[in-house]
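What follows is a single structure, written as structure tokens, with notes after it.
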Amino acid sequence: MSENTVTIINNATGQQIELPLRNGTEGASVVDISRLYRDLGVLTFDPGFFSTASCHSAITYIDGEKGMLLYRGYPIEQLATHSSYIEVVYLLLYGELPAAEELRRFEAVIGRHTMINEAMRDFLKGFHHDAHPMAMMVGMVGSLSAFYHDSLDIRDPRHREISAHRMIAKMPTIAAACYKHHIGEPIMYPRNHLGYCGNLLRMMYATPCEEYEVNALEEQALNLLFILHADHEQNASASTVRLAGSSQANPFACIASGIASLWGPAHGGANEEVLKMLEEIGDVSNIEKYIAKAKDKDDPFRLMGFGHRVYKNYDPRATIIRDMCYKILEQKADSSNPLFELALRLEEIARKDDYFISKNLYPNVDFYSGIIYRALGIPVNMFTVMFAIARTVGWVAHWMEMMDDPDQRIGRPRQLYDGARLRDYVPLERR
Ligand code: SDX
-14 MSENTVTIIN NATGQQIELP LRNGTEGASV VDISRLYRDL GVLTFDPGFF
36 STASCHSAIT YIDGEKGMLL YRGYPIEQLA THSSYIEVVY LLLYGELPAA
86 EELRRFEAVI GRHTMINEAM RDFLKGFHHD AHPMAMMVGM VGSLSAFYHD
136 SLDIRDPRHR EISAHRMIAK MPTIAAACYK HHIGEPIMYP RNHLGYCGNL
186 LRMMYATPCE EYEVNALEEQ ALNLLFILHA DHEQNASAST VRLAGSSQAN
236 PFACIASGIA SLWGPAHGGA NEEVLKMLEE IGDVSNIEKY IAKAKDKDDP
286 FRLMGFGHRV YKNYDPRATI IRDMCYKILE QKADSSNPLF ELALRLEEIA
336 RKDDYFISKN LYPNVDFYSG IIYRALGIPV NMFTVMFAIA RTVGWVAHWM
386 EMMDDPDQRI GRPRQLYDGA RLRDYVPLER R
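Residue numbering for the sequence shown follows this note's numbering, starting at -14 and increasing by one per position.
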């Protein structure tokens, strides 16, 4: 028996096989089970993928026990302190931090793709004004797949790169257009002399009637939030994009599938649910009641913004965002923000409760982010849209990594069948 294998014995049949053990550069090793069904006639069963690696990846690494998050090996705390979102976009796409000229050129390339086809502005008119902005985002991003026939041979690496640039560049323009449609204001065109986040703020808040000046603090806060939300290894939406892309589907349509998955309240939709939960709790005196609801197995209520499949320690992003809340609320002369005070007390009480301690439930990235979005004047139903803009680079990076892999195959999981056994059709008159 080799130390680089594991032995699996089927005690029902006495058969045994050795499967290769593969090591990465960080984190858990994996048992390569690709031969298991062929050699032992059994499948593995892991519906929530608690113990299953779906791929190999070099983009992001999370150590859930230590509360560590690395983008291409760089700790999120260092990137949050020293980097910019557009630089993190380059890092996630290309694997290295750009030199000054590389960054300048990259920003110029992204700047050239910020406009959307004028026909897309008409698509928005099909949405009722009170459609949820995430519903509009799924439709609008999916509709990008109807354009750009000049560069859609996804077997061509250059076409893949152009699609990546287009997707990342157009997300703020599409998101701001959805927001303007939602509030009944004219859509604003991008101004490419502005940075990525400044352009988004201007497209959301400017009107044709007067000049708009980007607020430096708000731009800085959005930059930091976008860095923190840029990627997170094989989360539900990234895995959705990978599976959709594995059939060689249109990349814009694949990103639309990622937006759909992110929207769920168990995933990126949690940031919107946290604000609604804090507003429903309303006062510190109600916290105990809601903690009890969260612990009650018969109550579907969960403490939104708490818990994580991978982090069994603090989500490092939550800590950074919480610290940023103090700065933003103070500088926005809103330091008495009652929701932030409530969130801090809720965290303090929950973290002392045995239920949360025993299940390693800590605040995640969504617990405090809404406090800042709200302080920036972003409406609650746009919170997950902000998450989607920031996460687009993560989805695109995973799609490119998968498509660049010479061993890439269509993803097609198996199942444990527990339905009816073989039976004959029963004619209507005999039923
Ligand atoms: C994101 O994957 C990623 O990386 C995602 C993300 C990213 O950047 O892409 O980090 C972004 O999606 C963050 C998570 C946002 N979602 C929420 O805040 C929603 C509330 N949290 C949960 O629903 C839950 O914690 C999940 C979905 C985040 C994780 O679910 P798991 O891993 O399937 O864990 P579980 O539901 O099996 O919970 C384990 C136990 C259960 O109790 P038991 O059945 O073992 O008795 O912990 C309990 C759960 O009931 N539990 C909670 C809870 N979260 C878990 N109880 C109360 N409140 C909670 N928030």
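Ideal Cβ positions, reconstructed from N, Cα and C, are used throughout, including at glycine.
For isoleucine 47, the shortest separation between its Cβ and any heavy atom of the ligand SDX lies below 8 Å. Between the beta-carbon of isoleucine 168 and that of alanine 373 there is about 18 Å, and that puts the pair past the 8 Å contact cut. Residue pairing for leucine 64: DSSP places it in no beta bridge.
Shown here, glutamate 264 sits in a helix according to DSSP, grouped into three states. A direct Cα-Cα distance of roughly 50 Å separates leucine 327 from serine 136. Comparing alpha-carbon positions, the option among Lys344, Asp268 and Lys297 lying closest to arginine 330 turns out to be Asp268. Your pair tyrosine 353 and alanine 303 checks out as a contact, with CB atoms roughly 6 Å apart and the cut at 8 Å. Here glutamine 1 is bridged, per DSSP, to Ile(-6). The alpha helix (DSSP H) runs lying completely inside the region 270 to 312 and spanning 4 residues or more are 272 to 280, given in chain order. In chain order, Ser222, Ala223, Val226, Ile240 and Gly243 place their CB closer than 7 Å to the CB of tryptophan 380, counting only its own chain and leaving out the 5 sequence neighbours on each side. With respect to serine 69, asparagine 208 sits close: the two C-beta atoms are nearer than 9 Å.
For glutamate 11, the three-state secondary structure derived from DSSP is coil.
Using a cutoff of 8 Å, the CB of valine 378 does not count as near the ligand SDX, since none of the ligand's heavy atoms is closer than that. Excluding the 5 residues flanking it on each side, leucine 28 has same chain C-beta neighbours closer than 6 Å at Tyr22 and Arg399, in chain order. In the three-state reduction of the DSSP assignment, methionine 53 falls in the strand class. The Cβ-Cβ distance between tyrosine 358 and asparagine 256 falls below 9 Å. With distances taken between CA atoms, tyrosine 59 lies nearest to Val73 out of Glu50, Val73 and Lys51.
Taking each of Ala154, Ser128, Asn8 and Pro391 in turn and checking the Cα distance to cysteine 182, the smallest one comes out for Ala154.
Set against 8 Å, the gap from the CB of aspartate 300 to the closest heavy atom of the ligand SDX is smaller. Per DSSP, the beta bridge partners of aspartate 48 are Met53.
Exposure of threonine 10 is indicated by the presence of fewer than 16 other C-beta atoms within 10 angstroms of its C-beta. Leucine 346 sits in coil when the DSSP states are folded into three classes, being neither helix nor strand. Between glycine 49 and asparagine 298, the C-beta spacing is below 9 Å. Distances between the C-beta of leucine 288 and the heavy atoms of the ligand SDX include at least one below 8 Å. Tyrosine 59 sits in a strand when the DSSP states are folded into three classes.
With 16 or more other Cβ atoms from the protein chains shown falling within 10 Å of its own Cβ, asparagine 184 counts as buried.
The DSSP-derived three-state label of valine 226 is helix. Take glycine 254, set aside five residues on each side of it, and the residues of its chain with a beta-carbon closer than 8 Å to its own are Met119, Leu247, Trp248 and Thr369, in chain order. Of Thr192, Leu407 and Cys40, the smallest CA-CA separation from alanine 162 is found for Thr192. Pairwise C-beta distances place the region 77 to 88 out of contact with the region 337 to 346, as fewer than three of them are shorter than 8 Å. Note on geometry: alpha-carbon atoms of isoleucine 139 and methionine 387 lie some 12 Å from one another.
The nearest non-hydrogen atom of the ligand SDX is 8 Å or more from the C-beta of glycine -1. Glutamate 195 sits in a strand when the DSSP states are folded into three classes. In this structure, isoleucine 313 sits near alanine 360, with a CB-CB distance shorter than 9 Å. The beta carbon of isoleucine 18 is closer than 7 Å to those of Leu4 and Thr29 in its chain, skipping five residues each way along the sequence. Taking the Cα of isoleucine 342 as reference, the smallest distance to any Cα among Ile356, Pro364, Tyr296 and Ile266 is reached at Tyr296.
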